[in-house]
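Residue numbers (the working numbering): 27 to 138.
Set out below in structure tokens:
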């Protein structure tokens, strides 16, 4: 077994809400968007939940420009790394997992 760690995510799904551009307290700008992915047949046998939704964040200028033009319903392929983030809220510390996007492309819908 290798001692090398791997943090790689590959998603294929659809955009579920319009991308949002935000400026963080650090001054960094990001474009965030959500990708909805159908669960596998095996996962659907264990749960009634049929989809998962993942928050994605684009950090580089080129990715921000591309992602800001995505539209609800667009089918996309996203690659990146998972990030754990924690923030204080009224209920204490809240943890979230997001995908830091390294590449994204629109997928062309296949013809029936």
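Glycine included, C-beta positions come from ideal geometry on N, C-alpha and C.
Where does residue 76 fall in DSSP's three states?
-> Three-state result, residue 76: coil.
Considering only C-alpha positions, which residue in the set 38, 31, 32 is nearest to residue 105?
-> Distance check between residue 105 and each of 38, 31, 32 places 38 closest, using alpha-carbon atoms only.
Residue burial classification, residue 96 (beta-carbon count within 10 angstroms, cutoff 16) = Classification for residue 96: buried.
Burial state of residue 89, where buried means 16 or more other Cβ atoms lie within 10 Å = Residue 89 should be labelled buried.
When burial is assigned at 16 or more other CB atoms within 10 Å of the CB, is residue 68 buried or exposed?
-> It counts as exposed.
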